[in-house]
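Scroll down for the structure; my scribbles are underneath it.
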Amino acid sequence: MLTSTTSRPWATSPSAKRGMILEANRTFATLVGVARDALITQPFSPFVFKEDQDKFYLLFKQALATPGASAGLAPEPAWCDLRLVKNSIISFCVEMVAIAVPEAGTASSVRIVLRDVTDRKRLSEVLQASEEFRSLAEAMPQIVWATRPDGWNIYFNHQWVDYTGLTMEESHGHGWNVPFHPDDKERAWISWQRATQYRETYELECRLRRADGAYRWFLIRGVPLLNESGVVFKWLGTCTDIEEIKRDGEHRQKLEGQLRQAQKMEAVGCLASGIAHHYNNIMQSILICSEMLVNSLPKDDKPHELANEIMKGSKRAGELTHKLLRFVREEMVVPAVLDVNETVSGMLDMLGRLIREDVHLNWRPGQKIRMLKMDPGQVEQILTNLVLNARDAIHGIDVIGKITIETANADFDTDFCADHPSFIPGRYVMLAVSDNGCGMDRATLERVFEPFFTTKGLANASGLGLSIVYGMVKQNNGFIDAVSEPNRFTTFKIYLPVHATETTAEIEPPFLSSPPKAMETVLMVDDHQAILTVAKMLLGGLGYKVLTANTPQQAILLAEESLDVIHILVTDVIMPEMNGRELHERLKGSRPELKCIYMSGHSAGIIARERVLDGGAHFIAKPFTGGELAAKLREALS
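Quick note: the sequence shown, position 628, residue 628 per our numbering, numbers continuous.
In structure tokens:
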């Protein structure tokens with residue numbers, strides 16, 4: 001027996017054995033899905049969720065055990081929250097109050113009053129989950145965000161405010177897209193559209209503006225949350241700072257690119273070194289023979305003109321070999337202390353002839369420029385190639401072409417170089433060439449120093465160009481910084497290390513174009529008979545007595561048999577039986593005063609690896625002219 005109007009009551013027998021429902025109102029019958037009449041004499045326990053059964057029986061016993069339950073006094077109610085079921089499924093949560101009903105001095109039944117607290121429970125759980133989420137989000141180092149399905153922002157943690165400088169009010173709605181880098185906004189929108197269309201993870205690497213205006217790279221990831229019907233009701237995501245990872249990745253790519261560049265140059269170096277020896281030996285005899293013909297024929301004769309063309313062609317061929325060797329840093333160079341401003345000033349007339357009349361050549365020398373120590377010919381070739389490259393870049397533009405050459409002192413410390421991986425700490429002289437030509441995109445700029453790479457087509461390509469510049473700069477322990485923007489400009493900045501000792505530039509001795517007659521004896525050793533033949537004719541014409549040998553052993557026998565004083569040995573460096581230095585040491589055993597000139601068509605790198613030459617050795621590289629050989633002889637003998 002129970003009556004209730006605002007709650008959902010029923011009554012059960014206090015007997016644990018029976019536990020039957022004695023009375024129930026319509027509200028309870030509706031909730032459990034059973035007709036009111038059918039509930040009577042039904043056990044109550046099937047309507048309690050199985051995990052809450054113990055809680056129910058404890059409540060039931062507690063109600064019967066309260067003071068007054070069997071003494072005719074007002075009983076005290078017992079309370080608990082539990083879950084009821086309908087058709088074996090959790091239907092609702094209730095707050096249950098159980099009160100013993102005494103009858104004739106005994107507690108024979110229990111009145112139960114229910115109050116539906118399902119909504120309150122769910123709200124409490126939602127609030128608890130929301131607070132847990134908020135606490136977790138605020139504790140995370142990443143930016144955490146939440147949006148509606150349409151992208152309307154409804155939450156950011158404080159990391160977003162700290163980083164962007166935006167308030168929550170400014171960020172909510174669509175204000176979240178304000179810090180995106182302009183170049184990344186379209187890509188971000190396309191990625192978002194795809195993620196919402198296919199309900200897949202939203203993932204994007206982009207740049208976000210910091211409160212101070214700087215941009216950093218972030219990885220943005222978001223996932224959709226679905227309701228019971230499988231419909232997206234919210235997106236949750238994070239923004240993770242990946243600036244350092246991105247920078248390390250770019251640095252690694254640069255290093256890998258430099259490695260590939262070095263490997264390509266090594267391959268070209270092997271090619272150049274391999275052909276240099278044989279090619280230079282062939283050109284050597286042609287060059288001296290043509291030079292002797294030019295000197296012996298009347299200038300007005302046609303044969304003189306033809307011989308002169310042969311000589312000039314031979315020199316150009318020799319220069320081509322030297323260019324290849326310079327490119328791979330295998331060329332023998334003669335460093336000298338020099339003033340780069342003086343070197344550039346002396347080249348201006350020549351450079352002016354290389355460019356068109358409608359191109360302005362501007363020279364901006366720096367003040368108090370430090371001294372360099374390097375081969376002057378290398379400085380000239382670096383500058384020539386850079387100006388030629390600038391000239392070609394200007395061709396076809398609509399504005400007046402301008403090429404600017406400038407110099408300056410530059411110092412870089414380790415902190416600066418840490419942020420600029422391509423720079424090297426030290427004190428430098430900068431030589432820069434700029435133009436307002438077609439410029440280059442990033443992909444072209446990354447390949448501009450590759451051997452044989454050109455954007456001008458095979459018909460207009462002008463040789464190794466910037467690759468030679470790269471090789472020479474590296475050979476002198478310098479580096480290059482290239483900056484370009486398509487359709488606007490290009491600037492190449494060459495940084496060359498300062499000479500350790502500040503001093504004035506060395507002055508080269510005058511070249512002896514007509515060596516004096518001499519009566520010294522020369523022993524010449526080379527495994528190419530053609531070179532011996534033409535050299536004997538050349539030096540004999542200058543008054544030298546010349547002995548020739550094809551092998552070191554032949555030279556030793558010839559020296560032992562000769563009664564003449566041999567003043568100087570002119571020998572090839574690398575030969576089958578022994579190298580030139582070993583031959584010189586062998587001959588000096590019986591001729592201590594014997595001087596020596598080494599010659600070779602091999603690259604300087606190969607000669608250095610053979611450890612043939614010491615610091616004071618006289619050396620002449622093939623192919624050389626007769627005048628150069630004669631001058632080297634006078635230098636060594638004097």
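No residue lacks a Cβ here, since even glycine has one placed at the ideal position from N, Cα and C.
TODO: Assign Asn-409 to one of three DSSP states: helix, strand, or coil.
DONE: Residue state, collapsed to three classes: strand.
**Request:** Please report how far the alpha carbon of Pro-623 lies from the alpha carbon of Asp-411, in whole angstroms.
**Result:** Here the alpha carbon of Pro-623 sits roughly 40 Å from the alpha carbon of Asp-411.
| Ala-35 burial status per 10 Å Cβ neighbour count (16 or more: buried) | Classification for Ala-35: exposed.
Let me check understanding here. Comparing Cα to Cα, which of Val-469, Arg-488, Phe-489 lies closest to Ile-480?
Comparing Cα positions, the closest option is Val-469.
Check your understanding: Below 8 Å, can you find three or more Cβ-Cβ pairs linking the segment 314–324 to the segment 279–294?
Key -> Segments in contact, yes.
Original post:
Between Leu-558 and Glu-309, what straight-line distance do the alpha-carbon atoms span, to the nearest angstrom?
Top reply: Looking at the two C-alpha atoms, the distance is approximately 38 Å.
| query | Which residue's Cα is closest to the Cα of Val-525: Leu-39, Leu-583, Asn-487? | reply | Among Leu-39, Leu-583, Asn-487, the Cα nearest to that of Val-525 is on Leu-583.
Q) Can you tell me the Cα-Cα spacing of Ser-514 and Ala-307, whole angstroms? A) Because the pLDDT of Ser-514 is 45, which lies under 50, any placement of that residue in the model is unreliable, and the number read from its coordinates should be weighed accordingly. Between Ser-514 and Ala-307, the C-alpha separation is close to 20 Å.
### Query
CA-CA distance, Met-519 and His-528?
Going by the C-alpha atoms only, they are around 25 Å apart.
Please return the same chain residues whose Cβ sits closer than 8 Å to the Cβ of Ala-432, not counting the five positions on each side in sequence.
Only residues of its own chain outside the window of five on either side were considered, and among them Thr-404, Ile-405, Glu-406, Thr-407, Ala-408, Thr-491, Phe-492, Lys-493, Ile-494 have a CB closer than 8 Å to the CB of Ala-432, listed in chain order.
Is Pro-376 a contact residue of the ligand SAH, with contact defined as CB to any heavy atom under 7 Å? Ligands displayed in this structure: none; no statement on the ligand SAH is therefore possible.
inquiry  = With H, G and I counted as helix, E and B as strand and the rest as coil, what does DSSP make of Ser-660?
reply    = Beyond the ends of the chain as shown, which are 1 and 638, falls residue 660; an answer cannot be given.
For the 8 Å Cβ check, are there 3 or more pairs between the segment 199–216 and the segment 153–166? Under the three-pair Cβ rule at 8 Å, the segment 199–216 counts as touching the segment 153–166.
Hey, how far is the Cα of Phe-423 from the Cα of Gly-543? Phe-423 and Gly-543: Cα-Cα distance of roughly 55 Å.
**Asked** Sorted by chain position, which residues of the same chain lie with C-beta nearer than 6 Å to Trp-152's C-beta, five sequence neighbours on each side aside?
**Response** Counting only Cβ-Cβ distances below 6 Å, and skipping sequence neighbours, we find Gly-173.
Can you give me the C-alpha to C-alpha distance between Val-340 and Val-498, rounded to a whole angstrom? Computed Cα separation, rounded: 11 Å.
Checklist line | DSSP-derived helix/strand/coil call for Trp-235 | finding: Trp-235 falls in the strand class under three-state DSSP.
**Message:** Let me see if you follow: with CB-CB separation under 8 Å, is Ala-530 close to chain D or not?
**Reply:** Looking at the structure shown, chain D is missing, and only one protein chain is on hand.
Roughly how many angstroms lie between the CA atoms of Leu-351 and Leu-338, to the nearest whole one? Rounded to whole angstroms, Leu-351 to Leu-338 spans 19 Å at the Cα level.
**Item:** Given 8 Å, three or more beta-carbon pairs between the segment 428–448 and the segment 392–404
**Value:** Contact holds between the segment 428–448 and the segment 392–404, because three or more Cβ pairs, one in each stretch, are under 8 Å apart.
Please return the same chain residues whose Cβ sits closer than 7 Å to the Cβ of Ser-489, not counting the five positions on each side in sequence.
The question names Ser, yet the displayed sequence has Phe at residue 489. Same-chain partners within the cutoff: Ser-434, Asp-435, Asn-436, Gly-439.
What residue range does the alpha helix (DSSP H) around Met-599 cover? In this chain, Met-599 is not harboured by any alpha helix (DSSP H); it is covered by the beta strand (DSSP E) spanning 595–600.
Reduced DSSP secondary structure (H/G/I, E/B, other) of Arg-185: First, the amino acid is wrong: residue 185 is Lys here, not Arg. Here DSSP, grouped into helix, strand and coil, assigns Lys-185 to helix.
- Query: What three-state label does DSSP hand Gly-151 in the structure shown?
  - Reply: Gly-151 sits in coil when the DSSP states are folded into three classes, being neither helix nor strand.
Practice task
Classify Asn-227 as buried or exposed, calling it buried when 16 or more other Cβ atoms lie within 10 Å of its own Cβ.
Solution key: Burial call: exposed.
**Asked** If you draw a straight line from the alpha carbon of Gly-175 to that of Arg-199, how long is it in whole angstroms?
**Response** If you take the alpha carbons of Gly-175 and Arg-199, they lie about 23 Å apart.
Beta-carbon separation of Ala-78 and Gln-62 under 8 Å?
Their beta carbons are under 8 Å apart, which means Ala-78 touches Gln-62 by this criterion.
Worksheet item: Any idea if Gly-580 is buried or exposed, counting beta-carbon neighbours within 10 angstroms, 16 or more meaning buried?
Response: Burial of Gly-580 is indicated by the presence of at least 16 other C-beta atoms within 10 angstroms of its C-beta.
Exercise. Note down, in chain order, each residue of its chain lying with its Cβ closer than 6 Å to the Cβ of Gln-378, except the 5 sequence neighbours on either side.
Key: In its chain, beyond the 5 residues on either side, Met-472 have a beta carbon closer than 6 Å to the beta carbon of Gln-378.
Practice task
Label Ala-276 either buried or exposed according to how many other C-beta atoms from any shown protein chain fall within 10 Å of its C-beta, with 16 as the threshold for buried.
Solution key: Counting Cβ neighbours within 10 Å, Ala-276 comes out buried, since at least 16 surround it.
task = Please go through the same chain and pick out, in chain order, the residues whose beta-carbon is closer than 8 Å to the beta-carbon of Ile-242, but skip the five residues on each side of it.
result = Once the five neighbours on either side are set aside, the close Cβ partners of Ile-242 are Glu-205, Trp-217, Phe-218, Leu-219.
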